[in-house]
Amino acid sequence: MTLSPSRPVIEDPSWVLTPLTEVSKEVKHALILSSDGMVIGATEGLGRDTAEGISAMTAALHGAARAAANAALEAPDGTPVTTITVQNAHGTYMIMPAGARTNTFIAVAGGLDMPMGTVAHIMARQAKKLGEQLMSVPARTQGAS
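For the sequence shown, our numbering gives the first residue as 459, with consecutive numbering after it.
Structure follows, in structure tokens:
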């Protein structure tokens, strides 16, 4: 489902999300979101309200994780975070940026037996492809007559 027309347009996000959900039955949901917490695309089983809530919380989590990591590691403020992984008694939630300058992320939620290494590898591959597509959008010209 594509939910936010004011964000980067991905007419059919399934090419990004389907490989993530097909890797294991333990992968529950996947979504594409902007750094300001807007949903760009989500897997079919994730309702609109739930996807929007998760996206908003993910954006806040990413910002907090980046600030904490940079402070703890004495890194410059603009240093990006490459992956965030959160685990609890019910499973794992992973977040990865889609390119360095896209302000877009891929997130995957999975159960306790989700193969994290495999999912992380596929996430990285899909994030790279998505980032390349988002960066290849032609620039708009101003004042065209």
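All C-beta atoms, glycine included, are put in the ideal place defined by N, C-alpha and C.
Rounded straight-line distance, which links the Cα of residue j to that of residue i
| i | j | result |
| --- | --- | --- |
| A488 | M554 | 11 angstroms |
| A514 | Y551 | 14 angstroms |
| G505 | P477 | 20 angstroms |
| M496 | A518 | 12 angstroms |
| Q584 | S492 | 15 angstroms |
| D571 | G549 | 8 angstroms |
| V544 | V577 | 14 angstroms |
| T560 | T508 | 24 angstroms |
| E469 | A530 | 39 angstroms |
Residue of the options minimising C-alpha distance to residue i
| i | options | result |
| --- | --- | --- |
| G575 | A527, G495, I512, T541 | T541 |
| K558 | K486, G511, M593 | Going by the sequence as given, residue 558 is Ala instead of Lys. Checked all of K486, G511, M593; the closest Cα to A558 is M593. |
| T562 | P534, A582, N546 | A582 |
For residue i, the three-state DSSP class (helix, strand or coil)
| i | result |
| --- | --- |
| S492 | strand |
| G589 | helix |
Cβ neighbour criterion (16 or more within 10 Å) applied to residue i
| i | result |
| --- | --- |
| E510 | buried |
| P534 | exposed |
* Asked: Should the segment 562-572 be called in touch with the segment 526-537, which here means at least 3 C-beta pairs below 8 angstroms?
  -> no
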